[in-house]
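A.B. asks: Residue numbers (the working numbering), protein chains in the order written: chain D, 1 to 194; chain P, 1 to 194.
In this text, a Cβ means the ideal position worked out from N, Cα and C, and glycines have one as well.
Small disclaimer: the values here were computed from a predicted structure and weren't measured.
1) Please compile the residues from chain D whose C-beta is within a distance smaller than 8 Å of the C-beta of residue 148 (chain P).
2) May I ask you to list the residues that DSSP assigns as paired with residue 186 (chain D)?
3) Can you round the beta-carbon distance between residue 119 (chain P) and residue 170 (chain P) to whole angstroms, since I take them to be within the 8 Å contact cut?
4) Would you mind working out which of P:178, P:20 and P:23 sits nearest residue 121 (chain D), comparing C-alpha positions?
5) Please report the straight-line C-alpha distance between residue 42 (chain P) and residue 29 (chain P), rounded to a whole angstrom.
6) Return the Cβ separation of residue 44 (chain D) and residue 62 (chain D) in integer angstroms, given the expectation that the two are a contact with Cβ distance under 8 Å.
7) Can you find at least 3 beta carbon pairs, one from the region 16-30 of chain D and one from the region 67-85 of chain D, that sit closer than 8 Å?
8) Mind pulling the chain D residues with CB within less than 7 Å of residue 175 (chain P)?
9) The alpha helix (DSSP H) spanning residue 140 (chain D) covers which residue range?
10) Looking at chain D, is there any beta carbon in it that lies within less than 9 Å of the beta carbon of residue 76 (chain P)?
11) Starting from the C-beta of residue 139 (chain P), find all residues in its chain whose C-beta is less than 8 Å away, skip the five residues before and the five after it, and write them out in chain order.
12) Just to confirm my understanding: we take residue 6 (chain P), look at its own chain, exclude 5 residues before and 5 after, and list those with CB closer than 6 Å. What are they?
13) How is residue 175 (chain P) classed by DSSP in three states: helix, strand or coil?
14) With C-beta atoms as the reference, is residue 31 (chain D) less than 9 Å away from residue 66 (chain D)?
15) Over what stretch of residues does the alpha helix (DSSP H) that includes residue 77 (chain P) continue unbroken?
16) Using a C-beta cutoff of 9 Å, does residue 186 (chain D) count as contacting chain P?
17) Smallest Cα separation from residue 64 (chain P): which of P:11, P:191 and P:52?
18) Looking at the structure shown, is residue 33 (chain P) part of a helix, part of a strand, or coil, going by DSSP?
19) For residue 58 (chain P), which residues does DSSP report across the bridge?
20) With DSSP run on the structure shown, which of helix, strand or coil describes residue 13 (chain D)?
21) Over what stretch of residues does the alpha helix (DSSP H) that includes residue 191 (chain D) continue unbroken?
22) Check each residue of the region 148-166 of chain P: if its Cβ is closer than 8 Å to any Cβ of chain D, include it; give the result in chain order.
The following block contains the structure:
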């Protein structure tokens, strides 16, 4: 069975708690949606922040909405070198022992003690898709990407099942670049681990 | 047969002709070796240049020596976005139809009309290694990299055989990051195409 999966490429971004939003944009500040993501209810906000690490900083980092319980900053490994820190490869929400960072917004700054990760590559899907495909939440799978001159097979891809999830492979910019992902590139799910 | 291959990660760099070196560093200028690469006779020079593209620039780009017949600038896809140009994935020396770029050095500037590529991933090896492994110059192979949370298999890896070549997989920074390559990470050559 060949399962064709759309690909979404995540550039560095920040999920912030309302407490952090209050500090960096002002008390009671509400994020303003700029564009809606394919996952239901999620949006890229008009707001951006600057991330400041031990070695350097990254400006114009997009804030995602709605606010989350906990701050989570997702960067690529290329970004790590720029900032001068090491972010472990983690699934969203698994933040124990992750490094912190300083966040500058339009109204102030906030030092986060933890929350910087390099997102583990993953596939979002609905429970219906999971049943159809025969995989479970948390299962590691492989996906094949055929592109001009940069074919590869990604292992360590985590299946993430949720009622609001739409079938989509999420890669960071390093991963998408290494696979030569462009407009119209699809991934193929390899359910059997070789 | 498992063949364990050391990995070299190539950051963006510039191979320049002596004519271009004359223009950007001064007439008759000789590159000064800073560190020797594992491939015989090749070195990273003390000299750096700034690359200027339509959208942005990259400073402190390392020049490699010795000088080559033709200018060849190797950048990652992440760099392409920064510079605002598209570099095709090519093997070294295959420069027909590639974009140009402006190079600034300590003594002047030079507009290159062509020569910017995204290096096709490849394995250097000696004729003896090629015979032992059972592959030929130009053959596409696959390599597996097992790393913490970022296992993958790269396809479209070109074998490059030369008497001065030492067994080594060359990846750019995007590719190394996507595979979680760190100190002591090795690649495994998969000779049979699946």
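C.D. replies: Answer, in terms of the structure:
1) The residue labelled residue 148 (chain P) in the question sits at position 148 within the second chain. Here the neighbours are 89.
2) Locating residue 186 (chain D) in the first chain gives position 186, where the first residue counts as 1. Residue 186 (chain D) pairs with D:6.
3) Numbered from its first residue, the second chain carries residue 119 (chain P) at position 119. Numbered from its first residue, the second chain carries residue 170 (chain P) at position 170. Between residue 170 (chain P) and residue 119 (chain P) the Cβ distance is about 7 Å, and since that is below 8 Å, they are a contact.
4) Translated into positions along the first chain, residue 121 (chain D) becomes position 121. When each option's Cα is compared against that of residue 121 (chain D), the closest is P:178.
5) As a first step, residue 42 (chain P) is located in the second chain; it is residue number 42 there, counting from the start. As a first step, residue 29 (chain P) is located in the second chain; it is residue number 29 there, counting from the start. Cα to Cα, residue 42 (chain P) sits roughly 18 Å from residue 29 (chain P).
6) On the first chain, position 44 is the one that residue 44 (chain D) refers to. On the first chain, position 62 is the one that residue 62 (chain D) refers to. Confirmed, Cβ separation roughly 5 Å.
7) yes
8) Here residue 175 (chain P) refers to the residue found at position 175 of the second chain. Here the neighbours are 178.
9) The count along the first chain starts at 1 and reaches residue 140 (chain D) at position 140. Element bounds for residue 140 (chain D): not the alpha helix (DSSP H) but the beta strand (DSSP E), 140-145.
10) Taking the second chain and counting its residues from 1, the one referred to as residue 76 (chain P) is at position 76. Yes, because at least one Cβ of chain D sits closer than 9 Å to the Cβ of residue 76 (chain P).
11) By one-based count along the second chain, residue 139 (chain P) stands at place 139. Excluding residues within five positions, the ones whose Cβ falls inside 8 Å are 158 and 159.
12) Position 6 of the second chain, counting from 1, holds the residue named residue 6 (chain P). Same-chain partners within the cutoff: 168.
13) Position 175 of the second chain, counting from 1, holds the residue named residue 175 (chain P). Helix.
14) For the purposes of this step, residue 31 (chain D) is taken as residue 31 along the first chain, with counting starting at 1. For the purposes of this step, residue 66 (chain D) is taken as residue 66 along the first chain, with counting starting at 1. Going by C-beta atoms, residue 31 (chain D) is nearer than 9 Å to residue 66 (chain D).
15) In the second chain, the residue the question calls residue 77 (chain P) occupies position 77. Counting along the chain, the alpha helix (DSSP H) containing residue 77 (chain P) begins and ends at 77-83.
16) Numbered from 1 along the first chain, position 186 holds the residue referred to as residue 186 (chain D). No - not a single Cβ of chain P is within 9 Å of the one on residue 186 (chain D).
17) The sequence position of residue 64 (chain P) within the second chain is 64, counting from 1. Comparing Cα-Cα distances from residue 64 (chain P) to each of P:11, P:191 and P:52, the minimum goes to P:11.
18) As a first step, residue 33 (chain P) must be located in the second chain, where it is residue number 33. It is a strand residue.
19) Here the question's residue 58 (chain P) lines up with position 58 in the second chain. Answer is P:51, bridged to residue 58 (chain P).
20) For the purposes of this step, residue 13 (chain D) is identified with residue 13 of the first chain, where counting begins at 1. It is a strand residue.
21) Stepping through the first chain from its first residue, residue 191 (chain D) is reached at position 191. Segment: none, residue 191 (chain D) is in no alpha helix (DSSP H) and carries neither H nor E.
22) 148, 149, 150, 151, 152, 153, 154, 155 and 156
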